[in-house]
Amino acid sequence: MSWYPTLGSPLTLHDLLLDVIFGRRENSLAILDHDMLLGYYWLLLVTTWTYSLYFVISCQEWNQWFRLAFVERHGAKDQMPRRSMIVATKNPAFKRVRWRYRYQLSEANGSPLTRSPSLSLSSSRFLDTSKLFPEEKPGWRGYVEWEKYPHRKAIASHILQAHQSDFTPIPEFQLEPLPKTNPVLIGYRWKEYHELLGLKGIVDFSWETVLKEKPNLIHLLDFPYNGETRRDQLLSGKITDNKWHFIRNHGGIPDIDEEAFELEIGGLVNNPVKLTMNDLKDPSQFPQSEVTVTLQCSGTRRIEQINQYPGDGDELINAPWGEGAIGTAVYRGVPLKKVLKKACGGVLPECQHLEFIGADTYFKKNNVFNYAVSVPWRKVRQNEEVLLAWEMNGEPLPKSHGFPLRLVVTGYIGARSCKWVYRINAIAEPSMGPVQSQEYLYYTAQIGKQNAKYSNGFSIQQMPVSSAIITPQDKEVIVHDGAITLRGWAYSGGGNWVERVEVSPDGGSVWYAVDPDDLTEKHYHAWRLWKIDVPVDAEGWLEFCVRTWDSSNNTEPTFVRSAWNWDLHVTSSCHRIKLYSINKRRPATMKRLKELEARGEGFLPLSKPIEFSLEDEGEYIAASRKVPREPL
0 MSWYPTLGSP
10 LTLHDLLLDV
20 IFGRRENSLA
30 ILDHDMLLGY
40 YWLLLVTTWT
50 YSLYFVISCQ
60 EWNQWFRLAF
70 VERHGAKDQM
80 PRRSMIVATK
90 NPAFKRVRWR
100 YRYQLSEANG
110 SPLTRSPSLS
120 LSSSRFLDTS
130 KLFPEEKPGW
140 RGYVEWEKYP
150 HRKAIASHIL
160 QAHQSDFTPI
170 PEFQLEPLPK
180 TNPVLIGYRW
190 KEYHELLGLK
200 GIVDFSWETV
210 LKEKPNLIHL
220 LDFPYNGETR
230 RDQLLSGKIT
240 DNKWHFIRNH
250 GGIPDIDEEA
260 FELEIGGLVN
270 NPVKLTMNDL
280 KDPSQFPQSE
290 VTVTLQCSGT
300 RRIEQINQYP
310 GDGDELINAP
320 WGEGAIGTAV
330 YRGVPLKKVL
340 KKACGGVLPE
350 CQHLEFIGAD
360 TYFKKNNVFN
370 YAVSVPWRKV
380 RQNEEVLLAW
390 EMNGEPLPKS
400 HGFPLRLVVT
410 GYIGARSCKW
420 VYRINAIAEP
430 SMGPVQSQEY
440 LYYTAQIGKQ
450 NAKYSNGFSI
460 QQMPVSSAII
470 TPQDKEVIVH
480 DGAITLRGWA
490 YSGGGNWVER
500 VEVSPDGGSV
510 WYAVDPDDLT
520 EKHYHAWRLW
530 KIDVPVDAEG
540 WLEFCVRTWD
550 SSNNTEPTFV
560 RSAWNWDLHV
570 TSSCHRIKLY
580 SINKRRPATM
590 KRLKELEARG
600 EGFLPLSKPI
610 EFSLEDEGEY
620 IAASRKVPRE
630 PL
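Numbering follows numbering that gives the first Met the number 0, in which position 393 of the sequence shown is assigned residue number 392; successive positions increment by one, without gaps.
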């Protein structure tokens with residue numbers, strides 16, 4: 000007889016026995032892997048199994064006895080196959096829940112062992128799955144280790160697959176109008192993933208943290224939390240206040256005690272190490288640095304691409320970001336290259352990439368992971384361009400920004416700046432984690448649902464040059480004296496700085512450069528805020544757009560369709576807004592404005608009809624005779 004799991008390495012009889020255990024009191028069946036059970040159970044007696052095999056297991060936590068039996072039976076009333084494992088217990092909830100997780104045995108030359116769970120969300124509440132996937136580190140609330148336990152990941156995958164048809168559908172917001180609510184979108188599906196695996200506490204704590212740290216952001220997605228800076232706060236200063244800095248999370252927000260925290264560094268290094276926060280903060284071990292960095296989500300301005308053409312709808316909702324998924328802060332920490340050199344004795348010659356593992360839980364196609372991304376070694380070894388940071392704008396990192404430790408990668412998309420980073424692996428190739436290998440990919444316009452593959456999109460690393468008009472807002476009515484004032488931000492990644500910002504009042508034909516005095520100072524890794532008074536004589540609807548030139552002479556495509564891609568990333572085209580121009584310098588316009596004021600009528604909304612006659616009969620006749628309606 001041989002034993003094989005559906006996924007992973009061959010499973011021994013001992014592993015299989017330890018893989019099944021019953022839940023607490025009224026709870027039903029719970030499946031735990033070998034590594035999770037070693038600390039709780041010890042095997043007292045093993046007898047041969049001919050027709051029945053009995054085991055007695057002592058449980059420290061529950062202090063009760065269970066009996067596991069293998070019974071070989073024929074034609075059983077519950078349709079169990081021959082040579083199947085029957086799990087017997089005195090727990091009455093087992094019959095009430097009516098749930099089976101079958102381990103079908105096979106001969107050495109037969110089909111592999113299969114696990115066929117049959118479970119519904121309505122009955123899953125009886126399963127104490129928190130025992131399946133425990134928070135095993137004291138002081139690490141909301142963190143579950145997945146990457147070290149392939150068995151644990153396999154069990155979670157089976158559970159998720161069994162419920163695939165029960166999860167709430169992904170909301171449609173590309174082909175339908177966005178809700179006017181705040182939060183705009185609700186992450187039902189992601190919450191259900193967590194709850195099914197016994198991780199509901201992560202969901203609750205995450206939202207509590209958001210309400211405490213980020214109550215006034217635009218809540219684009221409540222879980223995993225995606226929050227955008229409001230327009231009226233985005234340009235309040237060249238440094239973004241912590242409470243207004245945008246958030247893009249891929250999982251829940253862990254609550255990690257700084258005193259219990261350890262950073263593991265391993266892989267292709269000379270000396271693998273574990274470092275505490277006290278170690279990292281000790282200036283005698285590692286010299287500290289402060290770096291001003293703009294972090295930008297690659298989905299910034301995604302709503303423009305959606306409005307042009309809908310694109311990929313991911314199970315982790317690709318939020319319909321506007322212009323506020325960007326922020327600038329001063330981060331304090333230690334350059335990663337110095338930690339690798341001083342603590343690890345450097346990396347081995349085979350090392351080409353550094354992989355970063357975060358404490359948040361991530362899902363992809365019914366599989367579960369810890370958040371994982373990678374950055375090339377060539378980036379890490381540059382001057383202070385990859386920072387292990389614990390401070391943001393002079394304060395400890397907020398929990399939602401990665402407390403107690405996060406990665407800050409200058410010039411790269413925000414997804415590479417791993418939050419809650421607790422493990423670093425020096426590796427030879429880019430990370431195979433789904434965030435790195437299956438997401439944040441840039442496809443051509445010919446790639447879509449019909450032919451997209453992970454391998455035919457290239458990985459987005461450095462942010463391209465981009466900019467946005469923040470005030471006025473799209474479709475505003477502007478009454479002016481021949482010039483309209485516009486304000487916004489401009490940024491370029493990859494160590495390029497912004498050199499010039501230009502604004503066009505006619506959709507991109509005529510451009511006016513922002514005066515250098517109206518730009519904030521240059522930074523290697525940060526944005527520049529700008530202001531310009533654009534000469535405008537024309538009235539009615541006008542289309543304004545902005546473009547930026549960086550130090551490498553890069554600029555932006557004129558139209559969003561030139562930047563459109565299936566994954567709706569890096570909207571790097573000229574940002575456009577439509578304004579309704581009312582030029583008070585024109586006599587007829589000034590006359591109408593005064594008339595409206597005298598009658599106590601406002602101009603807004605623009606579509607509201609004027610209550611009085613636009614001209615009297617005498618004026619109309621005089622004008623008609625001066626310029627006849629018909630030819631003479």
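Glycine residues also receive a C-beta, built at the ideal position from the N, C-alpha and C atoms.
Model, not experiment: these values are computed from the prediction.
Check, Outcome
"DSSP bridge partner residues for F368 (one or two, in chain order)", "Y361"
"The region 539-554 in contact with the region 502-509 per 3-pair CB rule at 8 angstroms", "yes"
"Contact under 8 angstroms by Cβ, P309 with L219", "no"
"G312 beta carbon less than 8 angstroms from that of I217", "no"
"Top-ranked residue by Cα proximity to K237, from V545, D566 and K521", "K521"
"Contact under 8 angstroms by Cβ, I325 with Y441", "no"
"Coarse secondary structure for Y619, derived from DSSP in three states", "helix"
"Beta-ladder partner(s) of E538, from DSSP", "Answer is none; E538 lacks a bridge partner."
"Beta-carbon gap between G410 and C296 smaller than 8 angstroms", "no"
"Where E438 falls: helix, strand or coil (DSSP)", "coil"
"S458 and P433 closer than 8 angstroms at C-beta", "no"
"Where E394 falls, given that 16 or more other Cβ within 10 Å makes a residue buried", "exposed"
"Same chain, Cβ closer than 8 angstroms to Q284, five either side skipped, listed in chain order", "D278, K341 and A342"
"Counted within 10 angstroms of its Cβ, other Cβ atoms place T167 as buried (16 or more) or exposed", "exposed"
"Whole-angstrom distance between G487 and V569, CA atom to CA atom", "18 angstroms"
"Among S623, F602 and R546, the one whose alpha carbon lies nearest that of V500", "R546"
"Distance, D281 Cα to Q160 Cα", "47 angstroms"
"Rounded straight-line distance, which links the Cα of A597 to that of K607", "17 angstroms"
"Range of the contiguous alpha helix (DSSP H) that encloses T588", "P586 to A597"
"Rounded separation between E384 and R140 - CA only", "30 angstroms"
"Sequence ranges, alpha helix (DSSP H) only - wholly within the region 126-206, length at least 4", "149-161 and 187-195"
"Backbone secondary structure at D532 - three-state DSSP", "strand"
"Bridge partners - F285, DSSP secondary structure assignment", "Paired residues: none, contrary to the question."
"The region 355-362 in contact with the region 238-254 per 3-pair CB rule at 8 angstroms", "yes"
"Classification of A621 by the beta-carbon crowding that lies within 10 angstroms, buried from 16 upward", "exposed"
"Cβ pair V292, A451 closer than 8 angstroms", "no"
"Backbone CA spacing between E354 and A427 [nearest angstrom]", "10 angstroms"
"Per-residue burial, C235 [other beta carbons within 10 Å of its own, 16 or more giving buried]", "This sequence places Ser at residue 235; Cys is not what is there. S235 should be labelled exposed."
"Cβ shell of L387 (< 7 angstroms), same chain only, five flanking positions each side left out", "L279, G332, V333, L335, V338, L404 and L406"
"Start-to-end residues for the alpha helix (DSSP H) that takes in A467", "A467 -> not in any alpha helix (DSSP H); beta strand (DSSP E) instead, spanning S465 to T470."
"Helix, strand or coil at Q381 according to DSSP, with G and I counted as helix", "coil"
"Where the beta strand (DSSP E) containing L274 begins and where it ends", "V272 to T275"
"Contact check, H479 vs R300, beta carbons under 8 angstroms", "no"
"Contact belief for A259 with K136 at Cβ below 8 angstroms, rounded distance in angstroms", "7 angstroms"
"Coarse secondary structure for E314, derived from DSSP in three states", "coil"
"Within 8 angstroms, strictly: CB atoms of Q472 and I576", "yes"
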